[in-house]
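For the sequence shown, my numbering assigns the number 14 to the initial residue and increments by one for each residue that follows.
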Amino acid sequence: MADAIVRRGGRIYERSRAFEVQKNQIKTMDGVTITAGAVVMATNSPLNHNMEIHARQTPKRTYVIGLKVPKGSVKSANWWDTYDPYHYVRLEQKPDYDVLIVGGEDTSSGMKPDDYPDTYPQLEKWTRERWTTAEEVLKQLDGLFANSGPLKTRKDQGSDKMGQWVWSKVTADENDHTGDSGQGMTGGTIGVACVLIVIFISANQNQGYRDHIPFVGTDSIDIEDMLPNTGGVIQKHMKKMAVYKDKNGVVHKSSALWRHMKCVIKWNSIDSTFDCPCHGSIFDNLGRIINGPAKADLSPVE
């Protein structure tokens, strides 16, 4: 993931601890101030005093063990149950064996010493009852996460909730992502999409801003399933393509982002054209300009 960020022009600065965030400025512990067009705090708990978030979060500790299992004996998947306390299972693949990573048995943070249960033996017992090929315990660790309670939608602040995941728009320039509550892969993926939408809203005050988000504004069809003499807008990796399949089954591809304001065009099945919803430009089924304000054809893509 880090390599992908760098390839796309991003920069990663390690050991640059953020100390204070004020709108679109970040101050580090070293006294450096960073100014950005938008700030996203994708932290365990946000560095702010937004009580709408903090009053609905509680710190929880989660516990993890790693057990050696024979190579290929456990299917590689993400497993979890719905018990209380709940459990989750992952697999780490090694050259000669695999490591079954089992977590759960969560507790509150900051309890009295006598209130802490003997979590690691409980995890091991729970695991061996289900995976009888598990061998010795190779490692154990614990972690802290923010558990989120109910958060009602506030249109004026743009807060939203999905399951136990929370996103909140604090100011016009600052966004928070927190409260994944053990569902970090799902919540993190959704959070990226929501934050991107908000940033594009601020930067692109036109009808087409949502279409810059992956899969938003595209048609739910694969090129292979398209009929002759039909078109559509299809997502391929990070690109949106205006695709037309002619009567002979030949596929023609152009960029679906037209050059005037970078809006995403739409397929018009009545006229067999690609139309822009932002300012009315029209392109024929091969991406050639018919009507402005666009001045050039759509860019061809491979």
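Positions of the beta carbon are idealized from the N, C-alpha and C atoms, including for glycine.
Everything numeric in this text was worked out from a predicted model, so none of it was measured.
Coil, strand or helix - residue i by DSSP
i, result
"residue 171", "For residue 171, the pLDDT reaches just 37, beneath the cut-off of 50, and the residue's location in the model is therefore unreliable, although a value from the coordinates is still provided. If DSSP states are grouped into helix, strand and coil, residue 171 belongs with coil."
"residue 166", "Because the pLDDT of residue 166 is 33, which lies under 50, any placement of that residue in the model is unreliable, and the number read from its coordinates should be weighed accordingly. Coil at residue 166, not helix or strand."
"residue 133", "helix"
"residue 33", "strand"
"residue 45", "coil"
"residue 316", "Outside the shown range of the chain, which is 14 to 315, sits residue 316, and nothing can be said about it."
"residue 25", "coil"
"residue 40", "strand"
"residue 306", "coil"
"residue 140", "helix"
"residue 191", "strand"
"residue 87", "coil"
"residue 199", "helix"
"residue 209", "helix"
"residue 204", "helix"
Cross-strand partners of residue i (DSSP beta bridge)
i, result
"residue 280", "287"
"residue 155", "76"
"residue 150", "80"
"residue 362", "The requested residue 362 is not part of the displayed model; the chain covers only 14 to 315."
"residue 71", "160"
Classification of residue i by the beta-carbon crowding that lies within 10 angstroms, buried from 16 upward
i, result
"residue 15", "exposed"
"residue 157", "exposed"
"residue 145", "exposed"
"residue 117", "buried"
"residue 147", "buried"
"residue 111", "buried"
"residue 18", "exposed"
"residue 269", "buried"
"residue 167", "Residue placement at residue 167 is flagged as unreliable, the pLDDT there being 33, under the threshold of 50; a coordinate-derived value is accordingly withheld."
"residue 32", "exposed"
"residue 236", "exposed"
"residue 254", "buried"
"residue 165", "In this predicted model, residue 165 has a pLDDT of only 36, less than 50, meaning its place in the structure is not dependable; the value taken from the coordinates is given anyway. Burial call: exposed."
"residue 59", "buried"
"residue 311", "buried"
"residue 264", "exposed"
"residue 50", "exposed"
"residue 188", "buried"
"residue 305", "exposed"
"residue 262", "exposed"
"residue 307", "buried"
"residue 88", "exposed"
"residue 34", "buried"
"residue 91", "exposed"
"residue 250", "exposed"
"residue 106", "exposed"
"residue 100", "buried"
"residue 190", "buried"
Boundaries of the alpha helix (DSSP H) in which residue i is found, first to last residue
i, result
"residue 15", "15 to 20"
Residue i at chain B interface by Cβ criterion, 8 Å
i, result
"residue 204", "In the displayed structure, chain B is absent; only one protein chain is listed."
Cβ-heavy atom distance, residue i to the ligand COA, below 7 Å
i, result
"residue 267", "With respect to the ligand COA, the structure shown offers nothing to examine, as it has no ligands at all."
N- and C-terminal bounds of the beta strand (DSSP E) containing residue i
i, result
"residue 253", "252 to 258"
"residue 267", "264 to 268"
"residue 54", "52 to 54"
"residue 235", "Looking at the DSSP string, residue 235 is not in any beta strand (DSSP E), and its letter there is neither H nor E."
"residue 293", "Unbroken run through residue 293: none, as it is neither H nor E."
### Task
Would you mind listing the beta strand (DSSP E) stretches within the stretch 92 to 131 that are 3+ residues and don't spill past its ends, in chain order?
Under the rule that a run must span 3 or more residues, the beta strand (DSSP E) segments found entirely inside the stretch 92 to 131 read 100 to 106 and 110 to 121.
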